[in-house]
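Okay, so the sequence shown: first residue is 1 according to the numbering used here, each after it adds one. Where is the CB? At the ideal position from N, CA and C, for every residue including glycine.
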Amino acid sequence: MTDRLVSDDAEQPEGLIRAAELLRDGRLVAFGTETVYGLGADATNPLAVARIFEAKNRPRFNPLISHFPGADDAFRHVVATPLARRLAEYFWPGPLTLVLKRRDDGDICDLAAAGLPTAAVRVPAQNTALALLRAVGRPVAAPSANPSGAVSPSDAGHVMDGLAGRIDAVLDTGPCAVGVESTILDLSGDTPRLLRPGGVTVEDIEAVIGPVNRHHEAPEPNAPVAPGMLTSHYAPGLPVVLDVQSVQSDDALLAFGPPLNGARVTWNLSETCRLDEAASRLFAGLRYLDQQGTQAGCKRIVVQPIPETGLGLAIRDRLGRAAAPRPAADACQDAPSTQE
Ligand code: TXA
Ligand code: MG
């Protein structure tokens, strides 16, 4: 049984208090952040963290992001380099995750960090999430609150669709403002490295700390790929085709800007070509087209071109993964570190 808790923290603290109690008790609570809904568990409690993998049906123990109400809280568990402090000052609270060396006296459990000497930390920009994290008073590990390999949830209904009955509660804070996951930047090596494009653009990061190694596992839609090389993720039921210039009558169209004519079902990410609006409507759009398109007999979801700049990088990354070949069952469980 999954409780649906509601809280706007000041006026209705009961839901939030209950959510914090559950988390401190080792239970699983999904909660809204500005990016997507996270499936939270006490990151200091290996049993609680193990439940995350179980609920998501994710046998491979990939490291998880730990969430904190403030930078000082985060830096109690990881080593704060000067670059990390600078980035935290500019972008926290916000959709930026930093990978840093774990401190010997930190409390993030090995399972949450998958045994690595580093840990991923972030401070989300969502008031109720911050109040929840303050109330828990411990690092909260949270991957996106969806079954492994499925489309990420950007509202509480999406969480229930995928995980009802498998988690203890969802704290409903409405739709997520940003809509794609955080940008992950690895600061544990000699040079900052982008592990996943996301809600903070690389351009904005580079404006603060200079050049970033942009190598990440972004799929290239038009490049020939060996089966199994690309990781299928965020995958709707219908196949996804990127960068189309025309549509067929049995297509479900994910439009960007003026929509192409002739599709059976259409969801427009942004009629005015705004990338922030497109990011916030991305996962809801994939779900909508998958459901409505399937009902209407559509054979595929086709996507209009989206620019490769700013938030477009994150949007294209997620769409590239949704479009990736889906080879063996469970292959998505063995994703590289940019997944989940
Ligand atoms: O926006 C977000 O980041 C959302 C919300 C809920 O905060 N969370 C999220 O978490 O997307 P998750 O676990 O789905 O994605 C984090 C990715 C994982 O695939 C993991 O491999 C990578 O970050 N990661 C975590 N710790 C890492 C580490 N120490 N080194 C390298 N990659 C790491
Ligand atoms: Mg995920």
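{"Check": "Extent of the continuous alpha helix (DSSP H) to which A207 belongs", "Outcome": "V202 to I209"}
{"Check": "Proximity of S66 and V178 at Cβ, strictly below 9 Å", "Outcome": "no"}
{"Check": "Inter-residue Cα distance where the pair is R18 and L5", "Outcome": "8 Å"}
{"Check": "The stretch 112-120 / the stretch 150-167 touching (three or more Cβ pairs under 8 Å)", "Outcome": "no"}
{"Check": "Residue of C273, V244 and R274 minimising C-alpha distance to L260", "Outcome": "V244"}
{"Check": "Segment limits, alpha helix (DSSP H) that includes T128", "Outcome": "N127 to V136"}
{"Check": "P143 CB to nearest heavy atom of the ligand MG below 8 Å", "Outcome": "yes"}
{"Check": "Any non-hydrogen atom of the ligand TXA closer than 8 Å to I65 Cβ", "Outcome": "yes"}
{"Check": "Opposing strand residues paired with L185 [DSSP bridges]", "Outcome": "L98 and L194"}
{"Check": "beta-carbon S152 near the ligand MG non-hydrogen atom, thresh 8 Å", "Outcome": "yes"}
{"Check": "Closer than 8 Å: N146 CB and nearest the ligand MG heavy atom", "Outcome": "yes"}
{"Check": "Heavy atom of the ligand TXA within 8 Å of R287 beta-carbon", "Outcome": "no"}
{"Check": "Sufficient close CB pairs (3 or more, under 8 Å) joining the stretch 190-200 to the stretch 143-158", "Outcome": "no"}
{"Check": "Residue span of the beta strand (DSSP E) that contains T294, given as start and end", "Outcome": "No beta strand (DSSP E) holds T294; the alpha helix (DSSP H) holding it covers L275 to Q295."}
{"Check": "Every unbroken beta strand (DSSP E) inside the stretch 32-97 [3 residues or more]", "Outcome": "37-42 and 65-67"}
{"Check": "Secondary structure of M20, DSSP reduced to three states", "Outcome": "Correcting the residue identity first, residue 20 is Ala in this sequence and not Met. The answer is helix: DSSP assigns A20 an H, G or I state."}
{"Check": "The ligand TXA heavy atom lying under 8 Å from the CB of S182", "Outcome": "yes"}
{"Check": "V36 CB to nearest heavy atom of the ligand TXA below 8 Å", "Outcome": "yes"}
{"Check": "Burial state of L230, where buried means 16 or more other Cβ atoms lie within 10 Å", "Outcome": "In this predicted model, L230 has a pLDDT of only 41, less than 50, meaning its place in the structure is not dependable; the value taken from the coordinates is given anyway. Burial call: buried."}
{"Check": "Top-ranked residue by Cα proximity to L163, from G285, V303, N127 and V29", "Outcome": "V29"}
{"Check": "Cβ pair L171, S280 closer than 9 Å", "Outcome": "no"}
{"Check": "Exposure label - D42; buried when at least 16 CB within 10 Å", "Outcome": "buried"}
{"Check": "A235 beta carbon less than 9 Å from that of A324", "Outcome": "yes"}
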